[in-house]
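Numbering (numbering that gives the first Met the number 0), first residue to last: 0 to 119. Structure first, commentary second.
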Amino acid sequence: MRYFSLVIFIGLAVLISSCQNQKNKTADLNNNVFDTIVYGSVKFRVETFEVAQGFGYSIFINQKKMIYQDKIPAVEGNKVFKTKDDAMKTGKFVAQKMIQFPGELPSLTVEELQQLNVIN
């Protein structure tokens, strides 16, 4: 079952990355990192930000904030992302889920976070 999940995860990542028209990574004056994914006429922006003892991410769709995630989802407690990279790759994964399943609220599992190497 774990192998099957990994195959699905990799296939999903390849499929979604092939659908992306444009990606652009930049930083703002507060050293928050942005990654933009343009999918057709829709612009997704994933932004990392600092929180107490870690990082979080936000996802904007056409400049409207749709998701604000200041803790790691799907895990017990109030754990934050240890690095900007962990927050960014999780935010990008969620944005890709939003592209693949438009109109649905994205969710994450512990297994997906483990596959992203965000948690052990």
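By construction, the Cβ of each residue, glycine as well, lies at the ideal position given by its N, Cα and C atoms.
- Task: Identify which residue in Asn116, Lys81 and Ala51 has its Cα closest to the Cα of Phe92.
- Result: Numbered from its first residue, the sequence shown carries residue 92 at position 93. Taking only the C-alpha atoms, the option nearest Phe92 is Asn116.
- Rounded C-alpha distance that separates Val37 from Ile60: On the sequence shown, position 38 is the one that residue 37 refers to. On the sequence shown, position 61 is the one that residue 60 refers to. Val37 and Ile60: Cα-Cα distance of roughly 10 Å.
- Task: Look at the alpha carbon of Gly102 and the alpha carbon of Ile66, and state the distance between them as a whole number of angstroms.
- Result: Residue mapping note: residue 102 aligns to position 103 of the sequence shown, counting from 1. Residue mapping note: residue 66 aligns to position 67 of the sequence shown, counting from 1. Straight across, the Cα-Cα distance linking Gly102 with Ile66 is about 13 Å.
- Would you list the residues sitting across from Gln114 in a DSSP beta bridge? Taking the sequence shown and counting its residues from 1, one reaches residue 114 at position 115. Residue pairing by DSSP places Gln114 in no beta bridge whatsoever.
- Query: Smallest Cα separation from Phe48: which of Ser57, Asn119 and Ser40?
  - Reply: Taking the first residue of the sequence shown as 1, we reach residue 48 at position 49. Per the Cα distances, Ser57.
- Query: Around the Cβ of Gln68, are there at least 16 other Cβ atoms within 10 angstroms (buried) or fewer (exposed)?
  - Reply: On the sequence shown, position 69 is the one that residue 68 refers to. Under this definition Gln68 is a buried residue.
- Task: Report buried or exposed for Ile80, applying the criterion of at least 16 other Cβ atoms within 10 angstroms of its Cβ.
- Result: As a working mapping, residue 80 is identified with position 81 in the sequence shown. The sequence shown places Phe at residue 80, rather than the Ile named in the question. Residue environment: Phe80 is assigned as buried (16 or more neighbouring CB atoms within 10 Å of its CB, all protein chains considered).
- Message: DSSP three-state label for Gly53, please.
- Response: In the sequence shown, the residue the question calls residue 53 occupies position 54. Strand.
- Task: Using the Cα positions of Val74 and Met97, report the straight-line distance between them to the nearest angstrom.
- Result: Sequence index remark: in the sequence shown, residue 74 carries index 75 (1-based). Sequence index remark: in the sequence shown, residue 97 carries index 98 (1-based). Rounded to the nearest whole angstrom, the C-alpha separation of Val74 and Met97 is 20 Å.
- Message: Suppose you measure from the CA of Asn77 to the CA of Gln114; what does that come to, to the nearest Å?
- Response: The residue given as residue 77 occupies position 78 in the sequence shown. The residue given as residue 114 occupies position 115 in the sequence shown. Whole-angstrom Cα-Cα distance: 20 Å.
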